[in-house]
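Novice: Residue numbers (full-length UniProt numbering): 1 to 188.
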Amino acid sequence: MKGLLTEIRKCSVCKPFLPLGANPIISASPQSKIVLASQAPGKIAHRKSIAWDDPSGKRLREWLDVDEKTFYNPDNFAILPLGFCFPGKSKTGDLPPRPECAPLWHKKITDRFKNDPLYILIGNHSQTYYLRDKLTLTSRIQNFTEYLPHYFVLPHPSPVNHFWMNKNKWFETDVIPVLQNEIKKRLK
1 MKGLLTEIRK CSVCKPFLPL GANPIISASP QSKIVLASQA PGKIAHRKSI AWDDPSGKRL
61 REWLDVDEKT FYNPDNFAIL PLGFCFPGKS KTGDLPPRPE CAPLWHKKIT DRFKNDPLYI
121 LIGNHSQTYY LRDKLTLTSR IQNFTEYLPH YFVLPHPSPV NHFWMNKNKW FETDVIPVLQ
181 NEIKKRLK
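(1) Name the DSSP beta bridge partners of Lys89, please?
(2) Excluding the five sequence neighbours on either side, which residues of its own chain have a C-beta within less than 6 Å of the C-beta of Val35, listed in chain order?
(3) If you reduce the DSSP assignment to three classes, tell me which class Val66 lands in.
(4) Between Glu182 and Leu148, what straight-line distance do the alpha-carbon atoms span, to the nearest angstrom?
(5) Taking all protein chains shown into account, decide if Lys33 is buried (16 or more other Cβ within 10 angstroms of its Cβ) or exposed.
(6) Since Ile25 is in the beta strand (DSSP E), which residue starts that stretch and which ends it?
(7) Are the Cβ atoms of Ile122 and Ala37 separated by less than 8 Å?
(8) Can you grab the Cα-Cα spacing for the pair Arg59 / Thr92, in whole Å?
(9) Check whether the Cβ atoms of Asp75 and Ser29 sit closer than 8 Å, and answer yes or no.
(10) By the 10 Å Cβ neighbour count, where 16 or more other Cβ atoms means buried, how is Pro97 classified, buried or exposed?
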């Protein structure tokens, strides 16, 4: 997998469409136990070349109940966004991931996992890509147990997502404890 990751980090397929240029951010190992599939790195991740090193990442680690050392160990967590580069901003937030990236790279990576990792699908983009359904994010999360044991669906942990969090208080009381239990089982 090391050669594949090197190849991906040099990818520039989407460069003409990226306002800050190409900077593919990915982390994985053949032994990855859990795959974090999300939208795409944000502006901070692009600048630092480190995924989830921002307030969203802090909240995600709290939801998962893991420390940074555990989180950034690729044998524990593969970081596999749909787009490996920051796609740019829109009026309402970051643009969707570039459509070229996931079809080009995801299967090449996931075919190299030696175990059957748990896929944590963060946000609507990754859920639509992997689940191929037309449900809303809220419907999926309300019925999260239907996707286990292969997938766990989550909203994006961004602080700007406070409206959804406030409207769906059940998420933290009903879903997070199950998520943390699944993570503990996988990281044994």
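Note that CB positions come from ideal geometry on N, CA and C, so glycine has one too.
Specialist: For this structure:
(1) Counted from its first residue, the sequence shown places residue 89 at position 89. Partner(s): Asp94.
(2) Position 35 of the sequence shown, counted from the start, is the residue given in the question as residue 35. Contacts found: Ala78, Leu80, Pro117 and Tyr119.
(3) Translated into positions along the sequence shown, residue 66 becomes position 66. In this structure, Val66 counts as coil in the three-state DSSP scheme.
(4) In the sequence shown, residue 182 corresponds to position 182, counting from 1. In the sequence shown, residue 148 corresponds to position 148, counting from 1. Rounded to the nearest angstrom, the two C-alpha atoms are 9 Å apart.
(5) Position 33 of the sequence shown, counted from the first residue, corresponds to residue 33. Lys33 comes out buried.
(6) Here residue 25 refers to the residue found at position 25 when the sequence shown is read from its first residue. Per DSSP, Ile25 belongs to no beta strand (DSSP E) and is neither H nor E.
(7) One-based indexing of the sequence shown puts residue 122 at position 122. One-based indexing of the sequence shown puts residue 37 at position 37. Contact flag set, yes.
(8) Counted from its first residue, the sequence shown places residue 59 at position 59. Counted from its first residue, the sequence shown places residue 92 at position 92. Cα to Cα, the separation comes out at about 21 Å.
(9) Within the sequence shown, the letter at position 75 stands for residue 75. Within the sequence shown, the letter at position 29 stands for residue 29. In contact: Asp75 and Ser29 (Cβ atoms closer than 8 Å).
(10) If you number the sequence shown from 1, residue 97 lands on position 97. Its Cβ being crowded by 16 or more others within 10 Å, Pro97 is buried.
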